[in-house]
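Quick notes on the structure that follows.
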């Protein structure tokens with residue numbers, strides 16, 4: 016009689032590139048709105064917009080988390096967003112992506 020080993024659960028890696036792409040798209044829209052309100056000229060291309068010093072308040076950034084729910088498969092708490100917001104899209108990404116990854120690992124149990 017053969018013994019069947021239990022199957023391992025399928026682990027899915029953290030979708031880092033999808034998280035970043037979704038965040039960038041959403042944060043660019045926030046940055047455009049903030050730049051328009053504050054009279055800050057936007058750079059002409061995406062990489063420069065990401066690095067541009069355009070302040071974004073935390074409430075605006077919290078709204079972007081909803082766009083990540085289909086990517087990560089669960090709701091993200093607004094507490095992962097830094098109180099006071101961010102000075103640029105780049106600063107937001109540097110802060111948010113590792114926090115989102117930690118939540119992912121806690122909920123899904125897998126690393127990239």
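In the working numbering, the protein residues as written are 16 to 127. For each residue, glycine too, the CB sits at the ideal point set by N, CA and C.
Quick check on this structure: which residue in 29, 40, 107, 99 has the alpha carbon closest to the alpha carbon of residue 73? Residue 99 holds the alpha-carbon nearest to the alpha-carbon of residue 73 among 29, 40, 107, 99.
Could you name each continuous alpha helix (DSSP H) segment of 4 residues or more that falls completely within the segment 38-93, going from the start of the chain to the end? DSSP runs (the alpha helix (DSSP H)) wholly in the segment 38-93: 61-66, 73-79, 84-87.
Residue 29: buried (16+ other C-beta within 10 angstroms of its C-beta) or exposed? Burial of residue 29 is indicated by the presence of at least 16 other C-beta atoms within 10 angstroms of its C-beta.
Would you mind working out which of 109, 47, 42 sits nearest residue 59, comparing C-alpha positions? For residue 59, the closest C-alpha among the options 109, 47, 42 is that of 47.
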